[in-house]
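Report on the following structure.
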Amino acid sequence: MARIRRLPLQVRNKIAAGEVILRPASVVKELVENAIDARAKRIEIEVVRGGKAKILVNDDGIGMGRDDAEIAIERYTTSKIEDVGDIEKIKTLGFRGEALASIALVSRFELETSNGEEGTRLKADAGKVLGIFESQRPRGTRIKVSDLFYNLPARLKFLKSDEWELRLIVDTVRRYALMYPQIGFYLSSPNRVLLNVPVTKGYEERIRQVFSKRLVEHLLGFDEAIGSIRLFGYISRPDFFEKHKLKFIYVNSRPVRYPRVYRAILDTYNNPKLSPAFLINITVPPMLVDVNIHPAKEEVKFKDERYIIDLLVQAVKKRLTHRIVSGAESAADFIPSTSTDAGQRFVQESIISYQGSGTSSQPPEDAGEFWQLHNTYIFAQTKSGFVIVDQHVAHERILFEAIMMGRGQSQRLLFPITLELSPEEYRVYKKTKKLLEELGVDFKEFSSRTVVIDGLPGDFQVDRQEIADLFREIDGLGNMMREKAELAKVLACKGAIKAGQKLSPLEMATLIDRLFACENPFTCPHGRPIVLKFTLEELGHRFGRV
Ligand SMILES: Nc1ncnc2c1ncn2[C@@H]1O[C@H](COP(=O)(O)OP(=O)(O)OP(=O)(O)O)[C@@H](O)[C@H]1O
Ligand SMILES: [Mg+2]
């Protein structure tokens, strides 16, 4: 690494300055970043009392010579950038030359470092250097921060319990450990090893080390390169509905908070109730991203944000749908015989009637593979275990996608439904008539507030009462009733087969078939799970077989 220099004034003025050391976890973050920038292969962190009493970070990176060690804790001294132009080309995690100065200022600070040729030890209290000595140590750097905020009682009071602060430290170290599998991380507190992950080959193995094998099994990897932009990482399979902590976004391997990217990922999954797991690294040429927004360097902004977020959404969608259409992975593998061309068939065919009266799909040959439980859930055996499908939400998803994609064209009703609308219902009807018609509901208007519905989208299963409920629910949407997707959700919910309705084997097979032809067969439009999956391994485990 280059020698440490004082940044010229015009560069300092361009850097987002401000307080970054708010709590022990901020110290750990800055010291770990420095160790990563110094190309460490192993980083050891020890904390006492949630980092309030002591934080020690030891690395085997390139270390510093004596001259560098002497000025490293001054403000605006860095080896990572030199001039204003460099702010546009940042490749390191640090660049402001402020972290060590800010830490030293609010603690008792000790730095011991060696570049392999000379070793140096420096002690400081509240930023004041107490002494600089020669020392013997292998190449690398060890920084000890004791009694954080001892000189700032107000700041000390603001900290939470030791346990809470410790948890934040664990979260911080995890974030870096996950993105740098080529580095070994070790984090301990007296008598407790909190994280111990040796160097490993890849991200998958690192996720397993940090979290669990089970979580890894629920992830799908993706890697897309578009020009100079690369998007890679892991996303959870859409049928994974468990609480977990894997929600990490990185830009050029820097852990960041990027609400817009976060939102875009959730939207791709149709906003499920439990958010999906993901670890995503977006790498772009440094000039296309601004990291100099906030002193904590945790916020970044792409210069062309929309474009990059669009690319990400496409990459995630592609990965999610690819596995369904190709049937290459476990979720779709249970549909007997006809599964792989299910998607295509669905497009070719018009809506299939569940009464068996209208056009009928070719049923899966082995329709007997399905069982209905309490007239509500469908059981199906899969290659590796079994799945349970909630029949109502499955149909809701099918109808929703059909309506939204214009495939739910109106079907003429044999017995049109005549409705005397209440003044309230009439108001809702007037407001939404046009949109509802676009979605496939055909109305004929008679005298005052009498309306006849003679066509409904697709294979809707509604009676008169449900139509009245439909207007009430639309009314409950408030302003959102002007949004097509929201109306489609209500329509799909009302039109879907209900829990408690008996289905024949053929109806079940058709429902499953159509479900897996959907773009997102795993969550209903309201975010509830549709399919629960169980493996033989899990069963074996429960029965004490394995
Ligand atoms: N663990 C380390 N190993 C080797 N050099 C280090 C280490 N920690 C700090 N340094 C050197 O000290 C300098 C100052 O570190 P400091 O963290 O204060 O600033 P920075 O990393 O350059 O920028 P930032 O304030 O954004 O973190 C670094 O530029 C680097 O040269
Ligand atoms: Mg730094």
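The letter at position 361 of the sequence shown is residue 361 when you use full-length UniProt numbering, and the numbering goes up by one with no holes.
Ideal Cβ placement from N, Cα and C applies to all residues, glycine included.
Treat the numbers as computed from the prediction; the structure is a model and nothing was measured.
Contact test: residue i Cβ vs ligand 2 heavy atom, cutoff 6 Å
i, result
"glycine 94", "yes"
"glutamate 19", "no"
"asparagine 191", "no"
"asparagine 252", "no"
"glutamate 217", "no"
"asparagine 34", "yes"
Residues bridged to residue i (per DSSP)
i, result
"tryptophan 164", "In DSSP, tryptophan 164 forms no bridge with anything."
"alanine 225", "Arg230"
"valine 48", "Lys54"
"glutamine 372", "Ile378"
"isoleucine 43", "Asp59, Phe185"
"valine 193", "Ser188"
"glutamate 445", "Val451"
"valine 28", "According to DSSP, which records beta bridges pairwise, valine 28 is partnered with nothing at all."
"proline 457", "Ser410"
"serine 236", "Leu219"
"asparagine 281", "Phe232, Tyr250"
"arginine 108", "Asp125, Ser146"
"proline 529", "Thr523"
Range covered by the alpha helix (DSSP H) that runs through residue i
i, result
"tyrosine 426", "423-438"
"valine 393", "391-404"
"leucine 156", "153-158"
"proline 259", "259-268"
"proline 505", "505-515"
"glutamate 88", "That residue, glutamate 88, is in no alpha helix (DSSP H); it is neither H nor E in DSSP."
"arginine 3", "Premise fails: arginine 3 is in no alpha helix (DSSP H) and is neither H nor E."
Nonlocal neighbours in the same chain, by C-beta distance under 6 Å from residue i, ignoring five residues either side
i, result
"lysine 245", "none"
"alanine 277", "Ser236, His244, Leu246"
"threonine 418", "Val452"
"alanine 142", "Per the sequence shown, residue 142 should be read as arginine rather than alanine. Excluding positions up to five away in sequence, the list reads Asn58, Glu112."
"tyrosine 307", "none"
"arginine 230", "Thr283"
"leucine 312", "Leu231"
"tryptophan 371", "Phe379"
"methionine 481", "Thr432, Ile474"
"tyrosine 186", "Glu44, Asn196"
Cβ neighbours of residue i in the same chain (closer than 7 Å, five flanking residues each side left out)
i, result
"glycine 18", "Pro295"
"glutamine 355", "At glutamine 355, the pLDDT of 26 sits below 50, so the modelled position is not reliable and the matter cannot be decided from this model."
"lysine 489", "Phe400, Pro525, His526"
"isoleucine 21", "Val27, Ser102, Ile103, Val106"
"lysine 41", "Asp60, Ile183, Gly184, Val199"
"serine 357", "Because serine 357 carries a pLDDT of 29, less than 50, the predicted location of this residue cannot be relied on, and no value is offered for it."
"valine 347", "Its pLDDT being 24, under 50, valine 347 is placed unreliably in this model, and the value from its coordinates should be taken loosely. Closer than 7 Å at Cβ, skipping near neighbours: no residue."
"glycine 116", "Gly63, Arg139"
"tyrosine 426", "Arg449"
"histidine 395", "Ala496, Ile497, Leu511"
"methionine 179", "Tyr250, Ser253, Pro255, Asn281"
"valine 129", "Leu122"
Unbroken beta strand (DSSP E) run spanning residue i, endpoints
i, result
"glycine 97", "Premise fails: glycine 97 is in no beta strand (DSSP E) and is neither H nor E."
"threonine 418", "410-420"
"threonine 120", "119-125"
"isoleucine 143", "140-146"
Sequence-distant residues of its chain with Cβ nearer than 8 Å to residue i (five each side left out)
i, result
"arginine 5", "Thr77, Thr78, Ser79, Glu82"
"aspartate 171", "Ala25, Lys245"
"leucine 439", "Ile403, Gly408, Pro457, Lys484, Leu487, Ala488, Leu491"
"leucine 421", "Tyr429, Arg449, Thr450, Val451, Phe471"
"tryptophan 164", "Gly50"
"tyrosine 262", "Lys247, Ile249"
"leucine 503", "Tyr354, Gln372, Asn375, Ile378, Gln391, Ile497, Leu511"
Residue i Cβ short of 6 Å to ligand 1 heavy atom set
i, result
"leucine 100", "yes"
"glycine 61", "yes"
"lysine 89", "no"
"alanine 72", "yes"
"threonine 376", "no"
"lysine 160", "no"
"lysine 201", "no"
"threonine 78", "yes"
"threonine 510", "no"
C-beta neighbour in chain C for residue i, strict 7 Å
i, result
"glutamate 44", "Chain labels in this structure do not include chain C; a single protein chain is all it has."
For the pair the stretch 97-111 and the stretch 70-80, tell me if three or more CB-CB distances fall below 8 Å.
Flag = yes, the stretch 97-111 and the stretch 70-80 touch.
The stretch 80-97 contacting the stretch 122-136, beta-carbon criterion three pairs below 8 Å:
Between the stretch 80-97 and the stretch 122-136, the count of Cβ pairs shorter than 8 Å is below three; the stretches do not touch.
Does the contact criterion of 3 or more C-beta pairs under 8 Å hold for the stretch 283-291 versus the stretch 203-212?
No: the two stretches stay apart, fewer than three of their Cβ pairs being nearer than 8 Å.
Quick test of the definition: if touching needs 3 or more C-beta pairs under 8 Å, does the stretch 192-209 touch the stretch 222-229?
Of all C-beta pairs linking the stretch 192-209 to the stretch 222-229, fewer than three are shorter than 8 Å, placing the two stretches out of contact.
Inter-stretch contact (C-beta, 8 Å, three-pair minimum) for the stretch 484-503 and the stretch 465-475
The stretch 484-503 is in contact with the stretch 465-475.
Would you call the stretch 259-270 in contact with the stretch 305-319, where contact means no fewer than 3 C-beta pairs closer than 8 Å?
Counting Cβ pairs under 8 Å, three or more are found: they touch.
Touch test, the stretch 40-56 against the stretch 146-160, Cβ-Cβ under 8 Å, three pairs minimum:
With a cut-off of 8 Å, the stretch 146-160 and the stretch 40-56 count as touching, because enough Cβ pairs lie within range.
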